[in-house]
Amino acid sequence: MESIPTKGRVIKILGRIGARGYQTEVRVQLLSYPRIQFLQKVKGPVHLGDVVNVEDSKLEHISWQS
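According to full-length UniProt numbering, the sequence shown is numbered sequentially starting from 1.
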C-alpha cells in the first residue's frame, strides 16, 4: 500500500551539495502544517516557491508538537 506524498513549498535555497553539485539543499515548509520547516535535498532545477513532494520517511523524524 503506497501512501500519498505530502507537499511542501521551497522557502529558501541554501546551495549546491554533493561531490559534483548535482543536488540542491533547500528549506521546505509543509503546506498542510505551515509551522513545520526542515531541510531537504532536491535533484534537478528548483526555484523559490516551487512545490515539492516530501517523503513519508522524512516526516517520521519530525517531532510533532501541539
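Virtual Cβ for every residue (Gly too), placed ideally from N, Cα, C.
Just curious, the beta strand (DSSP E) that residue i is in, first and last residue?
i	result
I13	T6 to I17
L39	Q37 to K43
V52	V51 to V54
Report the three-state DSSP secondary structure of residue i (helix, strand or coil).
i	result
L31	coil
V46	coil
Do you know how far the Cα of residue j is from the Cα of residue i?
i	j	result
L31	E55	14 Å
M1	K7	Confidence at M1 is low in this model, with a pLDDT of 46, below 50, so the placement of that residue should be treated as unreliable; the coordinate-derived value is given next. Distance between the alpha carbons of M1 and K7: 19 Å.
V52	I11	11 Å
R27	F38	6 Å
D50	R9	6 Å
S19	Y33	Residue identity check: residue 19 is Ala in the sequence provided, not Ser. Using only the alpha carbons, I get a separation of about 33 Å.
In its own chain, which residues sit with a C-beta less than 8 Å from the C-beta of residue i, not counting the 5 before and 5 after it?
i	result
Q23	R16, I17, K41, V42 and K43
Tell me which same chain residues have a C-beta within less than 6 Å of the C-beta of residue i, skipping the five on either side of it?
i	result
I13	V26
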